[in-house]
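Chains as they are written, first to last, in our numbering: chain D, 237 to 497; chain L, 237 to 497; chain C, 237 to 497; chain H, 237 to 497.
Number of protein chains: 4
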Amino acid sequence: MGPLAKRSANFGRQRGQRPHGRQVSRPSFTQGLARQALAEFLGSGGLVTVVIGSGIAAERLSHDAGLRLLENALITGAGLVALILAFGPVSGAHFNPVITLADRVFGGVTNRQVAAYLPVQLAGGAVGAVAANLMFDLDAVSISTHHRSSGGLWLSEALATFGLVVLVFGLARAGRAALAPFAVGAYITAAYWWSSSTSFANPMIDAARTLSDTFAGIAPASVPMFVLMQLLGGTVAVAAVHVLYPDVAAVADDVVVPHLG
Amino acid sequence: MGPLAKRSANFGRQRGQRPHGRQVSRPSFTQGLARQALAEFLGSGGLVTVVIGSGIAAERLSHDAGLRLLENALITGAGLVALILAFGPVSGAHFNPVITLADRVFGGVTNRQVAAYLPVQLAGGAVGAVAANLMFDLDAVSISTHHRSSGGLWLSEALATFGLVVLVFGLARAGRAALAPFAVGAYITAAYWWSSSTSFANPMIDAARTLSDTFAGIAPASVPMFVLMQLLGGTVAVAAVHVLYPDVAAVADDVVVPHLG
Amino acid sequence: MGPLAKRSANFGRQRGQRPHGRQVSRPSFTQGLARQALAEFLGSGGLVTVVIGSGIAAERLSHDAGLRLLENALITGAGLVALILAFGPVSGAHFNPVITLADRVFGGVTNRQVAAYLPVQLAGGAVGAVAANLMFDLDAVSISTHHRSSGGLWLSEALATFGLVVLVFGLARAGRAALAPFAVGAYITAAYWWSSSTSFANPMIDAARTLSDTFAGIAPASVPMFVLMQLLGGTVAVAAVHVLYPDVAAVADDVVVPHLG
Amino acid sequence: MGPLAKRSANFGRQRGQRPHGRQVSRPSFTQGLARQALAEFLGSGGLVTVVIGSGIAAERLSHDAGLRLLENALITGAGLVALILAFGPVSGAHFNPVITLADRVFGGVTNRQVAAYLPVQLAGGAVGAVAANLMFDLDAVSISTHHRSSGGLWLSEALATFGLVVLVFGLARAGRAALAPFAVGAYITAAYWWSSSTSFANPMIDAARTLSDTFAGIAPASVPMFVLMQLLGGTVAVAAVHVLYPDVAAVADDVVVPHLG
């Protein structure tokens with residue numbers, strides 16, 4: 237539960253054990269994992285709904301291209317604050333395969349959790365795209381024709397994902413995961429603008445955005461390079477976190493060890 | 237006092253008892269309820285004033301439809317931060333019948349409190365609409381002719397209310413109600429944009445907005461379906477909170493049990 | 237030191253006493269009062285610089301009247317967050333005669349402090365107006381010709397000041413003065429928009445804004461009624477705070493008793 | 237580590253010592269300094285990328301000059317929140333030679349740290365400018381031709397730097413450095429607007445902005461006077477902090493003494 241580990245530790249206690257007590261039994265574990273998967277599903281869906289829905293509204297209501305992007309960026313940031321606060325204590329509020337994989341490297345989640353998180357993130361994102369389309373009286377699904385390919389865009393995705401992963405795990409390792417909702421919201425709002433790609437920084441978002449041929453969409457053919465650059469940025473970030481915050485045990489009162497399985 | 241329970245617990249102490257002490261006497265209880273009703277009245281009025289007043293200003297001052305909505309959304313979010321901070325410690329800062337009813341299901345308020353909260357919320361909202369109209373030199377009341385009816389709008393209201401209730405009670409159950417002012421402010425700002433209905437998510441707001449034929453108004457005929465979808469979204473959300481946060485007792489140091497009556 | 241009392245209590249300790257220790261000696265008291273006056277001077281000046289400076293920039297750079305007001309409002313809110321954080325621990329960060337007078341009623345400041353605060357607030361505000369004018373290469377002083385008089389404007393000023401005073405002292409009485417920078421910043425940003433007067437809510441601001449014939453200016457002839465309505469709103473608010481938060485002693489661990497004189 | 241001292245104290249513990257324990261050994265010190273330098277490099281680079289990148293995007297996407305500046309200002313503020321949160325616990329998150337020099341005066345950093353911080357800040361800023369240019373498919377470096385010289389601009393830089401230094405060290409001396417990310421983000425967003433110079437307030441930023449002939453650029457010939465006014469404002473601010481917060485030892489539980497070398 238790396239990024240928001242401190243709060244998700246409450247889960248263990250909710251299942252009847254005391255801190256430092258025995259492992260929870262297998263049935264409880266399964267229930268806990270189901271609950272975490274539900275949180276990742278709802279949170280990923282909510283994030284995609286915010287991104288695509290506010291993009292549709294911006295495109296319909298505003299004429300200035302910059303104003304549209306500002307609306308999309310501010311609303312995504314505000315939505316992230318709420319979503320991470322709502323679901324963080326349950327699942328860690330990853331909503332992003334790169335975060336989940338990085339958390340695996342840091343030992344915050346088990347292989348079993350990774351296997352549960354990744355598919356529900358993708359499924360949630362797809363449902364979120366459909367929900368946004370339907371709310372705005374569009375077809376449930378329309379494949380985006382918005383091609384996004386250039387060296388500048390790819391560099392943007394690598395740097396944006398690098399920054400996101402350094403931020404999330406830097407906060408966790410410094411024992412300040414409680415600030416993650418505000419930090420990530422501010423970061424993503426800014427990254428819409430300092431990058432040329434509007435900072436997807438999330439393979440789940442890449443996939444979900446193919447399902448809406450609107451402002452925030454991305455053509456399927458542009459997705460593989462985005463994912464590749466995101467994984468690259470995330471990998472370098474994991475190394476940077478190890479260098480910057482070498483000894484996580486020193487703040488063990490704030491960072492939680494894996495508490496399930 | 238579910239959503240902001242921790243702070244409203246101070247009320248019990250203010251009436252002369254210690255935590256875990258005896259029940260307060262009936263006269264004190266009545267005084268406390270009157271104070272809570274006053275807070276719900278002022279807070280609901282303030283919320284409606286912010287929504288309608290900023291809508292009138294936006295319509296008068298800006299030409300771009302998106303900019304108008306951005307102004308309305310940002311100002312509503314900022315206003316909510318202030319209003320929940322100002323009145324939360326007294327009444328829990330519901331300002332919304334769906335929140336009050338959900339709190340009743342979770343055992344945070346008594347039937348008597350529900351009976352006091354709902355009418356003062358509606359009355360406060362009406363006074364807030366009149367105040368906004370008068371500040372902008374309009375007639376005290378003008379019935380809105382802004383019809384808002386479509387499948388997309390109704391889906392929006394159900395989803396927006398679902399998200400609001402999950403957020404508010406998720407925070408309370410995770411022992412983080414102190415963050416509610418910022419979480420709810422960010423959520424509503426975002427929901428203006430990711431939904432197609434601009435996210436009323438509140439039957440009190442539905443009713444009050446009928447009283448101003450301006451930017452934020454809604455025609456009375458459109459209200460029933462909005463209320464219905466809000467109740468539907470709220471009901472599903474209550475179930476989701478039970479699944480996501482099953483054992484509230486585990487965080488009993490943060491979540492307050494009913495302390496009056 | 238009502239509104240931000242908890243932090244300003246550090247001052248007493250800085251002068252060599254321990255909490256619950258003896259009163260500070262008279263020389264220390266004088267030094268402390270001078271320091272507080274300096275903080276009120278700098279903070280009031282900074283607030284006026286933010287309001288007038290951002291107004292000039294908005295008028296020069298943007299064409300849409302709503303966008304100008306949005307810029308002015310967001311920047312004033314952000315500036316208030318920084319100013320209250322910078323000076324709150326020293327003086328309580330009043331920057332507003334209505335707040336200082338209300339704090340006197342609540343017993344948070346002495347008559348001697350009131351006599352020091354009010355003139356330095358006004359002097360600071362005047363210097364701030366001059367600084368804004370000079371930064372934008374205007375004459376140091378130009379008397380505003382912007383008349384602001386109507387029933388709607390006056391109602392706005394009364395309501396805006398009412399809300400500000402309820403918020404500030406509600407936070408203090410609930411033991412949450414640490415949130416005042418964010419609460420007041422959000423409140424003022426919102427009040428620019430839900431009122432028709434753009435919410436001056438502060439006699440010091442009224443006076444200082446007469447000194448710049450730019451976007452944020454106010455003609456001297458319009459000031460008296462603004463001040464009157466602000467005092468009216470503030471007075472009703474003091475009564476409301478007494479009703480809403482009747483027993484401040486119940487949260488005595490958070491609210492600080494007068495610690496000087 | 238003045239400004240964010242409390243958190244960087246964790247570093248000492250991470251190297252194997254307990255609070256109040258022995259000094260770390262020389263090799264650990266060197267490792268710590270390298271880590272701090274890396275944090276200052278990445279943070280300064282990130283800050284410049286945010287400033288220049290969002291400036292390029294604003295210039296390309298928006299027509300209204302005020303909207304461009306609003307985008308640039310809001311995104312810089314949001315970026316600062318994230319950057320200070322990410323790197324503050326490691327290096328103190330200076331990203332600004334004036335802050336580092338002022339911290340030296342207050343005894344928060346050693347001469348050796350100053351000698352490491354200043355060059356990596358400048359190098360990071362240059363790399364950040366190149367990254368922004370490349371992301372937007374521009375030449376890696378283009379010298380700015382944007383001349384910025386006038387009395388109003390110079391006054392702006394002096395006042396903006398004065399305010400920044402008072403804020404950062406006021407927070408540290410009041411034991412509230414944990415709020416610095418939000419305080420500094422809000423401050424800089426506001427200072428873009430209340431000053432006529434858009435508030436560079438940072439010699440590292442002056443230098444880096446010469447490397448991009450875009451919205452945020454500054455011609456090299458305009459830099460010396462900016463630096464001079466920034467140093468002047470910073471110097472006066474150090475004196476003001478001494479007057480406003482005279483006895484830092486009184487809050488010694490919050491403010492950290494130099495912990496390395």
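Ideal placement from N, C-alpha and C gives every residue a C-beta, glycine not left out.
Residue i in three-state terms, based on DSSP
i: S280/D; result: helix
i: T471/H; result: helix
i: D339/H; result: helix
i: D442/H; result: helix
i: H382/D; result: coil
i: T425/H; result: helix
i: A455/L; result: coil
i: L306/D; result: helix
i: V345/C; result: coil
i: F331/H; result: coil
i: V350/H; result: helix
i: L203/H; result: Residue numbering for chain H in the displayed model covers 237 to 497; residue 203/H lies beyond these limits and cannot be assessed.
i: F436/D; result: coil
i: H478/H; result: helix
i: D483/D; result: coil
i: A508/L; result: Only positions 237 to 497 of chain L appear in the structure, and residue 508/L is not among them; the question remains open.
i: A294/D; result: helix
i: S448/H; result: coil
C-beta neighbour in chain C for residue i, strict 8 Å
i: G257/L; result: Below a pLDDT of 50, predicted positions are generally treated as unreliable, and G257/L, at 35, falls in that range; the measurement from the model is reported next regardless. Output row for G257/L: interface = no.
i: G324/H; result: no
i: S385/H; result: no
i: V402/H; result: yes
Cutoff 8 Å: residue i Cβ touching any chain H Cβ
i: D300/D; result: yes
i: R445/C; result: no
i: A410/D; result: yes
i: G282/C; result: yes
i: F462/C; result: no
Nearest-angstrom Cα separation, counted from residue j out to residue i
i: S298/H; j: F372/D; result: 26 Å
i: G279/D; j: D449/D; result: 22 Å
i: M465/D; j: V472/L; result: 39 Å
i: V479/C; j: G470/L; result: 32 Å
i: A275/C; j: S327/C; result: 6 Å
i: L358/L; j: G406/L; result: 26 Å
i: A376/D; j: G453/D; result: 14 Å
i: V474/D; j: V401/D; result: 7 Å
i: D339/H; j: G399/L; result: 45 Å
i: G268/H; j: A455/D; result: 45 Å
i: L303/L; j: A294/L; result: 8 Å
i: A329/D; j: I320/D; result: 5 Å
Cutoff 8 Å: residue i Cβ touching any chain D Cβ
i: D375/H; result: no
i: A365/H; result: no
i: G289/H; result: yes
Any C-beta of chain A under 8 Å from that of residue i
i: E307/H; result: Within the model displayed, chain A is absent; protein chains D, L, C and H are what it includes.
Proximity test, Cβ basis, 8 Å: residue i and chain L
i: I311/D; result: yes
i: L480/C; result: yes
i: L303/D; result: yes
i: G238/C; result: Residue confidence for G238/C is low, a pLDDT of 41 falling below 50, so the modelled location carries little weight; the figure read from the coordinates is stated next. So, not an interface residue.
**Message:** For the structure I just gave you, are there three or more beta carbon pairs, one from the segment 424-433 of chain D and one from the segment 307-315 of chain D, closer than 8 Å?
**Reply:** yes
Is it the case that the segment 374-387 of chain H contacts the segment 413-421 of chain H, given that we only count it when at least three CB pairs across the two stretches are under 8 Å? no
Original post:
Do the segment 346-365 of chain L and the segment 437-456 of chain L touch if we need at least three Cβ pairs shorter than 8 Å?
Top reply: yes
Notebook entry, point to check: Does the segment 403-411 of chain C come close enough to the segment 282-301 of chain C that 3 or more CB-CB pairs lie under 8 Å?
Noted result: Taking 8 Å as the limit for Cβ pairs, the verdict is that the segment 403-411 of chain C does not touch the segment 282-301 of chain C.
inquiry  = Tell me whether the segment 340-347 of chain C and the segment 287-295 of chain C touch, counting them as touching only if at least three CB pairs, one residue from each stretch, are closer than 8 Å.
reply    = no
*Does the pairing of the segment 385-397 of chain C with the segment 428-435 of chain C give three or more beta-carbon distances under 8 Å?*
yes
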